[in-house]
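Visitor: Please see the structure below; I have some questions.
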Amino acid sequence: MAVSFTSEPSYWTHKSSQGYFLEDVPGTKATLIGIIKSTWDPRVVGAGQDAAKLKHSGVEIIEVKRVENASLFHSYNNKKHEFEKRGRPCPAIENIPQELAAFNKTRRSQAVNEYYLFHGTDEAINISKTGFQTRFADPDNLFGKGIYFSDSFQKADQYTDADNLKRLPCLLHRGSCACGPQQQRFDSVESAGLLFREFAVFEGRQCYPEYIVTYKRTGIQSW
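Going by the UniProt record's numbering, the sequence shown opens with residue 1, and the numbers climb by one from there.
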């Protein structure tokens, strides 16, 4: 659903309201559970440097809240409008998981490469209130001080400690994208040839944390 850059989404409960609201979304919860189940592969839990200490085989979704933060959304939409005015071609992401692609299709603006992707963090609540801040990013990350996303919930699961299991399915406009470390000339960067695909942007206004997913890990091994 493409949204005017001056308004909130029509499906929000608190439209035209300032402040910060968290709304229950049982329909979206069911959809996200389907997306996660369809893409989860227990064989690769613990695979890779970022997941070396993980010993679970699955996850159980406890709660999904929609973040209605008009100030953050207006900032995101204003940035999206800047992208739209440029008129540059933005090639689509290929091979998005089928269920996630269907969810994206109902809401995104194709003109600016807008997608829902997953972000793993221990700071989900703070980000949903104040937005993404690249100044807090680790310069030693794959593409430096960026904000990182994946089309895999399993990849995002690697970036949260066991005591604070929350994820952010985020609305993100990628604009034009490079495969490789070329962020100086592109709006975003995509990893290639790794176990999980990751995307990085370098400005907080390119992403809006629209949902918070609370979950627990299951099938934890004791060895």
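By construction, the Cβ of each residue, glycine as well, lies at the ideal position given by its N, Cα and C atoms. Keep in mind that this is a model prediction, so the values were computed, not measured.
(1) Rank Tyr-116, Ser-152, Trp-12 by C-alpha distance to the C-alpha of Val-25 and give the top, closest one.
(2) In terms of DSSP beta bridges, what is Leu-32 paired with?
(3) Within its chain, find whatever has a CB closer than 7 Å to the CB of His-56; leave out the 5 residues flanking it on each side and keep chain order.
(4) Which one of Ala-192, Glu-68, Pro-9 has the shortest CA to CA distance from Gly-19?
(5) Kindly indicate which three-state DSSP category Pro-169 falls into: helix, strand or coil?
(6) Going by C-alpha distance, which of Lys-105, Lys-155, Phe-118, Thr-134 is nearest Pro-42?
(7) Just mark Ile-62 as buried or exposed, buried being the case when its beta carbon has 16 or more other beta carbons within 10 Å.
(8) What would DSSP say about Arg-217, mapped onto helix, strand or coil?
(9) Apply the 10 Å Cβ neighbour rule to Arg-167 and answer buried if 16 or more other Cβ atoms are within range, or exposed otherwise.
(10) The beta strand (DSSP E) with Tyr-61 in it runs from where to where?
(11) Along the chain, where does the beta strand (DSSP E) that runs through Ala-192 open and close?
(12) Could you tell me which residues DSSP pairs with Ala-200 in its beta bridges?
(13) Spatial neighbours of Phe-132 within its chain, please: C-beta separation below 7 Å, excluding the five flanking residues on both sides.
(14) Along the chain, where does the beta strand (DSSP E) containing Phe-153 start, and where does it finish?
(15) Sorted by chain position, which residues of the same chain lie with C-beta nearer than 7 Å to residue 272's C-beta, five sequence neighbours on each side aside?
(16) Opposite Ser-212 in the DSSP bridges: which residues?
(17) Which whole-angstrom value describes the C-beta separation of Glu-8 and Lys-65, a residue pair presumed to lie in contact below a C-beta threshold of 8 Å?
(18) In whole angstroms, give me the CA-to-CA distance for residue 244 and Cys-170.
(19) Closest to Ser-152 by C-alpha separation, out of Thr-31, Phe-73, Val-201, Ser-38, would be which residue?
Guide: According to the structure shown:
(1) Trp-12
(2) None; Leu-32 has no bridge partner.
(3) Val-45, Arg-217, Thr-218, Gly-219, Ile-220
(4) Glu-68
(5) strand
(6) Lys-155
(7) exposed
(8) strand
(9) buried
(10) For the record, residue 61 in the displayed sequence is Ile; it is not Tyr. Residues 58-69.
(11) Careful: Ala-192 lies outside any beta strand (DSSP E) and carries neither H nor E.
(12) Tyr-148, Val-189
(13) Ile-147, Gly-204, Cys-207
(14) Run containing Phe-153: none in the beta strand (DSSP E); it sits in the alpha helix (DSSP H), 153-156.
(15) With the chain covering only 1 through 223, there is no way to say anything about residue 272.
(16) Rather than Ser, the amino acid found at residue 212 in this sequence is Ile. Answer is Lys-65, bridged to Ile-212.
(17) At roughly 16 Å, the Cβ-Cβ gap does not stay under 8 Å, so Glu-8 and Lys-65 are not in contact.
(18) Only positions 1 to 223 of the chain appear in the structure, and residue 244 is not among them; the question remains open.
(19) Ser-38
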